[in-house]
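Undergrad: Residue numbers (the working numbering), protein chains in the order written: chain X, 260 to 472; chain H, 806 to 830. Take a look at this one; I'll ask things after.
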């Protein structure tokens, strides 16, 4: 096993690989969890484009939908938010830092803020009325549900009346926080229970780890 | 069924369900 340990260590000194100890210190993950995530990340990265430790949008979509070409507004937004450097690919450090927000131990404030940025489609610093309508319409077009434009308008109106406390036609971060406080289920999908037992799902870290948590 | 547009959005968006990342292994 000495050989596999050595080759694993050499293999990990690759472009884009960040020290798990540093990543663990900056996120909700333990060092072993970061190492387990590395195994997952390597699998995702090599699914289509073999260019090392870079996760492309097609590979991200393939993992989410079992299809690399499916267009999805929210998968696009999540990818763009994970791509912190905005260079069109997700690097390992970006993957860990972003997924950390979905960890059961991450703060509610981080989750609320991520959801706000997700829904702020045009990154204006506000969730605007037309963005709410665009998201509802996009989801309806993906589903079998059919609603008339009047019904969609009334759903969006009702939501804006409740969320847009200042009445300026858009939801700011403060208003969003208050709205989520009234409807905590809105950030339910900001927590992935899977992340609690990532080391059980990806146990190969046991052979490769250099650190015991 | 949904109290507001965001409940609809967060419940219906499969693109937001990252658990698939872990099931794809």
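Ideal placement from N, C-alpha and C gives every residue a C-beta, glycine not left out. All figures in this text were calculated on a predicted structure; none of them were measured in a lab.
Could you check whether the Cβ of residue 817 of chain H sits closer than 8 Å to any Cβ belonging to chain X?
TA: Judged by the 8 Å Cβ criterion, residue 817 of chain H is in contact with chain X.
Undergrad: Using a beta-carbon distance below 8 Å, is residue 433 of chain X in contact with chain H?
TA: It does not: the Cβ of residue 433 of chain X has no partner Cβ on chain H nearer than 8 Å.
Undergrad: Please determine, among X:429, X:421 and X:292, the residue with the shortest C-alpha to C-alpha distance to residue 355 of chain X.
TA: Selected option, being the one with the closest Cα: X:292.
Undergrad: Alpha carbon to alpha carbon, how far is residue 315 of chain X from residue 283 of chain X? Give it in angstroms, no decimals.
TA: The alpha-carbon atoms of residue 283 of chain X and residue 315 of chain X are separated by roughly 24 Å.
Undergrad: Can you grab the Cα-Cα spacing for the pair residue 322 of chain X / residue 303 of chain X, in whole Å?
TA: When rounded, the distance between both Cα atoms is 7 Å.
Undergrad: Hey, would you say residue 349 of chain X sits closer than 8 Å to residue 324 of chain X, going by beta carbons?
TA: Contact flag unset, no.
Undergrad: Can you tell me which of the three DSSP states residue 816 of chain H falls into?
TA: Three-state result, residue 816 of chain H: helix.
Undergrad: Rounded to a whole number of angstroms, what is the C-alpha to C-alpha distance between residue 372 of chain X and residue 405 of chain X?
TA: Straight-line Cα distance between these residues: approximately 31 Å.
Undergrad: List, in order along the chain, the chain H residues whose C-beta lies closer than 9 Å to that of residue 414 of chain X?
TA: By Cβ distance, chain H contributes 807, 809, 810 and 813.
Undergrad: Taking the alpha carbon of residue 344 of chain X as the reference point, which residue from X:275, X:420 and X:461 has its own alpha carbon closest?
TA: For residue 344 of chain X, the nearest C-alpha among the options comes from X:275.
Undergrad: Strictly by DSSP, which residues pair up with residue 429 of chain X?
TA: Note: residue 429 of chain X sits in a beta bridge opposite X:387.
Undergrad: Determine whether the Cβ of residue 289 of chain X lies closer than 8 Å to any Cβ atom of chain H.
TA: No, no contact with chain H.
Undergrad: Just the C-alpha distance for residue 409 of chain X and residue 415 of chain X, rounded to the nearest angstrom, thanks.
TA: Looking at the two C-alpha atoms, the distance is approximately 10 Å.
Undergrad: Whose Cβ in chain H lies nearer than 8 Å to the Cβ of residue 418 of chain X?
TA: Chain H residues near residue 418 of chain X: 809, 810 and 811.
Undergrad: Just the C-alpha distance for residue 407 of chain X and residue 413 of chain X, rounded to the nearest angstrom, thanks.
TA: Approximately 10 Å, taken between the alpha carbons.
Undergrad: Taking the alpha helix (DSSP H) that residue 291 of chain X falls in, what are its first and last residues?
TA: Unbroken alpha helix (DSSP H) run through residue 291 of chain X: 290–304.
Undergrad: For residue 417 of chain X, is the classification buried or exposed, using 16 other Cβ atoms within 10 angstroms of its Cβ as the cut-off for buried?
TA: Exposed, by the Cβ-count rule.
Undergrad: Using the beta-carbon count (16 or more within 10 Å), is residue 358 of chain X buried or exposed?
TA: So residue 358 of chain X ends up on the buried side.
Undergrad: So if DSSP puts residue 434 of chain X in a beta bridge, which residue, or which two residues, is it bridged to?
TA: Partner(s): none; residue 434 of chain X has no beta bridge.
Undergrad: Out of curiosity, what's the CA-to-CA distance linking residue 388 of chain X and residue 825 of chain H?
TA: So the two alpha carbons sit approximately 30 Å from each other.
Undergrad: Is residue 421 of chain X helix, strand or coil when you go by DSSP?
TA: Looking at residue 421 of chain X - three-state DSSP - the assignment turns out to be helix.
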